[in-house]
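First up is the structure itself, then whatever we jot down about it.
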Amino acid sequence: MMMRHGLAPYIVKRLLLMIPTLIGVLTLTFAVVQFVPGGPVEQMVLELKGRGGAGVGAGESTGGGSTYRGRQGIDEKNLAEIKALYGFDKPPIERYFRMLGKFAQFDLGESYYQHQSVWQLIISKLPVSISIGLWTFFITYLISVPLGISKAIRDGTRFDTVTSMLVLIGYAIPGFVMGVLLLVIFGGGSFLQLFPLRGLVSDNWESLSWSARIADYLWHLVLPITASVLGSFAVITMLTKNSFIEEIRKQYVITARAKGLSERLVMWRHIFRNAMIPLVTGFPAAFIGAFFAGSLLIETLFSLDGLGLMSFEAVMRRDYPVVFGTLYIFTLIGLFTKLISDIAYVLVDPRIQFEGQGS
Numbered sequence: 000m001m002m003r004h005g006l007a008p009y010i011v012k013r014l015l016l017m018i019p020t021l022i023g024v025l026t027l028t029f030a031v032v033q034f035v036p037g038g039p040v041e042q043m044v045l046e047l048k049g050r051g052g053a054g055v056g057a058g059e060s061t062g063g064g065s066t067y068r069g070r071q072g073i074d075e076k077n078l079a080e081i082k083a084l085y086g087f088d089k090p091p092i093e094r095y096f097r098m099l100g101k102f103a104q105f106d107l108g109e110s111y112y113q114h115q116s117v118w119q120l121i122i123s124k125l126p127v128s129i130s131i132g133l134w135t136f137f138i139t140y141l142i143s144v145p146l147g148i149s150k151a152i153r154d155g156t157r158f159d160t161v162t163s164m165l166v167l168i169g170y171a172i173p174g175f176v177m178g179v180l181l182l183v184i185f186g187g188g189s190f191l192q193l194f195p196l197r198g199l200v201s202d203n204w205e206s207l208s209w210s211a212r213i214a215d216y217l218w219h220l221v222l223p224i225t226a227s228v229l230g231s232f233a234v235i236t237m238l239t240k241n242s243f244i245e246e247i248r249k250q251y252v253i254t255a256r257a258k259g260l261s262e263r264l265v266m267w268r269h270i271f272r273n274a275m276i277p278l279v280t281g282f283p284a285a286f287i288g289a290f291f292a293g294s295l296l297i298e299t300l301f302s303l304d305g306l307g308l309m310s311f312e313a314v315m316r317r318d319y320p321v322v323f324g325t326l327y328i329f330t331l332i333g334l335f336t337k338l339i340s341d342i343a344y345v346l347v348d349p350r351i352q353f354e355g356q357g358s
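The sequence shown lines up with residues 0 to 358 when you count with numbering that gives the first Met the number 0.
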């Protein structure tokens, strides 16, 4: 019970610390954006010029469009209307505080180019990211944890050496390269055409039976999930192995064996619980990270329209509401994930106390 005594104050402190962290991230990004060339005002001006006239010179463009000087060929009235359209008719400091006020109400604004709210865009891309993230997370842990335990028990054997070599080879090959290789071999490249090349489902998915829909969905996921998980096996497998080996060598294990307990009982009653602490506490971060980390190239390669591809396109097109909205949500999720990871330590290991932490 001692460890829970300081848990509530710790959670409150962490929640309060999220506010300056969020503001800091948004402030830094907003400041950088003001100096990035090719903003939405410049792009609209180029579009009005037909993209064939004299473009915006290197010394004429501004990041946020707030001090745009490349106005040759565009009269002042039209330029003012363009700035007002994107909200750049206001001073940067006013736009900044207006953005913070909206984010405090979870109003993420509307995309400049897709004529949808940022929330609608995020929700529409979630099925792809959830599919990739969930399957990547579960397959990685379902294979890596048992494999890591087996390697720890058989440390130094041929099985340990061979499996280490295989997972490290998978780790050394980038997911994008593995995806290309899988497409060439199994996606109708130069050899076999066993799996679909794009999308999560087929065009006739709506007309299929429920069993056929499930099969079609899983069939589309085989190649992208394979490319995503191969690089993840090594980290979780070696972490599991090293964690179990460390526990196996501790004095309490030697004592338990000396008392005549069976090896199976020692492993599952004593070693397993302690060795799993770093893995269990890492679940929240790994679970969330599977949704957002490293999915851009996979989504691009397999034509999957998810959050990673949306965020990248928003940055390239200077779609600032989408850029700031996704950054705000991802940062908030990351902060809560770290908090949940810390709380997981309390649930797994009762010896941990939070008194004095966060100060």
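Even for Gly, the Cβ is constructed at its ideal location relative to N, Cα and C.
- Query: Helix, strand or coil: how does DSSP classify S143 here?
  - Reply: Working through the sequence shown from its first residue, we reach residue 143 at position 144. In this structure, S143 counts as helix in the three-state DSSP scheme.
- Does DSSP put Q250 in a helix, in a strand, or in coil? Sequence index remark: in the sequence shown, residue 250 carries index 251 (1-based). In the three-state reduction of the DSSP assignment, Q250 falls in the helix class.
- Query: Anyone know if the C-beta pair for A255 and H269 falls short of 7 Å?
  - Reply: On the sequence shown, residue 255 is found 256 positions in, with the first residue counted as 1. On the sequence shown, residue 269 is found 270 positions in, with the first residue counted as 1. Yes. Within cutoff.
- Message: Spatial neighbours of I148 within its chain, please: C-beta separation below 7 Å, excluding the five flanking residues on both sides.
- Response: Translated into positions along the sequence shown, residue 148 becomes position 149. If we look at I148 and ignore the five residues flanking it on each side, its Cβ neighbours are T239, F243.
- Item | CA-to-CA distance, H219 to I18, given in whole angstroms | Counting from one through the sequence shown, the residue named residue 18 turns up at place 19. Counting from one through the sequence shown, the residue named residue 219 turns up at place 220. Cα-Cα distance, rounded: 41 Å.
- Do you know offhand how far Y84's Cα is from F105's? If you number the sequence shown from 1, residue 84 lands on position 85. If you number the sequence shown from 1, residue 105 lands on position 106. Per the sequence shown, residue 84 should be read as Leu rather than Tyr. So the two alpha carbons sit approximately 22 Å from each other.
- Item | Straight-line gap, S206 to L196 (C-alpha atoms, nearest Å) | Position 207 of the sequence shown, counted from the start, is the residue given in the question as residue 206. Position 197 of the sequence shown, counted from the start, is the residue given in the question as residue 196. S206 and L196: Cα-Cα distance of roughly 20 Å.
- Task: Please state whether DSSP places P8 in a helix, a strand or coil.
- Result: For the purposes of this step, residue 8 is identified with residue 9 of the sequence shown, where counting begins at 1. In the structure shown, P8 sits in a helix (DSSP, three-state: H, G or I).
- Whole-Å CB distance - L306 paired with S128, under 8 Å assumed: Looking up residue 306 in the sequence shown gives position 307. Looking up residue 128 in the sequence shown gives position 129. At roughly 4 Å, the Cβ-Cβ gap stays under 8 Å, so L306 and S128 are in contact.
- Go to E298, then tell me how far its alpha helix (DSSP H) extends in each direction, as first and last residue. Position 299 of the sequence shown, counted from the start, is the residue given in the question as residue 298. Here the alpha helix (DSSP H) through E298 covers 295-300.
- Query: For L186, which beta-bridge partners are listed by DSSP?
  - Reply: Residue numbering aside, residue 186 sits at position 187 when the sequence shown is read from its first letter. A quick correction: the sequence has Gly, not Leu, at residue 186. Q192, per the DSSP bridge assignment.
- Query: Can the beta-carbon of E246 be found less than 7 Å from the beta-carbon of N273?
  - Reply: Position 247 of the sequence shown, counted from the first residue, corresponds to residue 246. Position 274 of the sequence shown, counted from the first residue, corresponds to residue 273. A contact, by the Cβ cut-off of 7 Å.
- Task: Give every residue of the same chain whose Cβ lies closer than 7 Å to the Cβ of D215, excluding the five residues on either side of it in the sequence, and list them in chain order.
- Result: Here residue 215 refers to the residue found at position 216 when the sequence shown is read from its first residue. Excluding residues within five positions, the ones whose Cβ falls inside 7 Å are V200, S201, W204, L207.
- Look at the alpha carbon of G281 and the alpha carbon of S340, and state the distance between them as a whole number of angstroms. Taking the sequence shown and counting its residues from 1, the one referred to as residue 281 is at position 282. Taking the sequence shown and counting its residues from 1, the one referred to as residue 340 is at position 341. For the pair G281 and S340, the Cα-to-Cα distance works out to about 6 Å.
- Mark E121 as exposed unless 16 or more other C-beta atoms lie within 10 angstroms of its C-beta, in which case mark it buried. As a working note, residue 121 is residue 122 in the sequence shown. The displayed chain sequence assigns Ile, not Glu, to residue 121. Burial call: buried.
- 7 Å Cβ shell around T139 - same chain, five flanking residues per side excluded: If you number the sequence shown from 1, residue 139 lands on position 140. In chain order, V228, S231, F232, I235 place their CB closer than 7 Å to the CB of T139, counting only its own chain and leaving out the 5 sequence neighbours on each side.
- Residue of P126, L15, L217 minimising C-alpha distance to Q334: Counting from one through the sequence shown, the residue named residue 334 turns up at place 335. According to the sequence as given, residue 334 is Leu; it is not Gln. By alpha-carbon distance to L334, the top candidate from P126, L15, L217 is L15.
- What is the rounded straight-line gap between the Cα of G169 and the Cα of I224? In the sequence shown, residue 169 corresponds to position 170, counting from 1. In the sequence shown, residue 224 corresponds to position 225, counting from 1. Looking at the two C-alpha atoms, the distance is approximately 13 Å.
- Pick out whichever of G324, L165, L338, A343 has its Cα sitting closest to the Cα of S110. Sequence index remark: in the sequence shown, residue 110 carries index 111 (1-based). Of the candidates G324, L165, L338, A343, the one whose C-alpha sits nearest the C-alpha of S110 is G324.
- Euclidean distance between Cα positions of G37 and P90: Working through the sequence shown from its first residue, we reach residue 37 at position 38. Working through the sequence shown from its first residue, we reach residue 90 at position 91. Their Cα atoms are separated by approximately 18 Å.
- How big is the Cα-Cα spacing for R316 and L331? Mapped onto the sequence shown, residue 316 falls at position 317. Mapped onto the sequence shown, residue 331 falls at position 332. Going by the C-alpha atoms only, they are around 24 Å apart.
- Under the three-state reduction of DSSP, which class applies to A255: helix, strand or coil? Here the question's residue 255 lines up with position 256 in the sequence shown. In the structure shown, A255 sits in a helix (DSSP, three-state: H, G or I).
- Backbone CA spacing between A103 and F194 [nearest angstrom]: Here residue 103 refers to the residue found at position 104 when the sequence shown is read from its first residue. Here residue 194 refers to the residue found at position 195 when the sequence shown is read from its first residue. Rounded to whole angstroms, A103 to F194 spans 45 Å at the Cα level.
- Message: Within 10 Å of its beta-carbon, does P145 have 16 or more other beta-carbons around it, so buried, or fewer, so exposed?
- Response: Locating residue 145 in the sequence shown gives position 146, where the first residue counts as 1. Flag for P145 reads exposed.
- Message: Excluding the 5 residues flanking I10 on each side, which residues of the same chain have their C-beta closer than 8 Å to its C-beta?
- Response: Translated into the one-based positions of the sequence shown, residue 10 becomes position 11. L338, I342.
- Message: Less than 8 Å between C-beta atoms, sequence neighbours within five positions excluded: which residues of the same chain meet that for P277?
- Response: Position 278 of the sequence shown, counted from the first residue, corresponds to residue 277. Result list for P277: L238, S242, in chain order.
- Query: Do you know how far the Cα of L141 is from the Cα of E93?
  - Reply: Here the question's residue 93 lines up with position 94 in the sequence shown. Here the question's residue 141 lines up with position 142 in the sequence shown. Distance between the alpha carbons of E93 and L141 is about 50 Å.
- Simplified DSSP assignment, three categories, for S261: Numbered from 1 along the sequence shown, position 262 holds the residue referred to as residue 261. S261 falls in the coil class under three-state DSSP.
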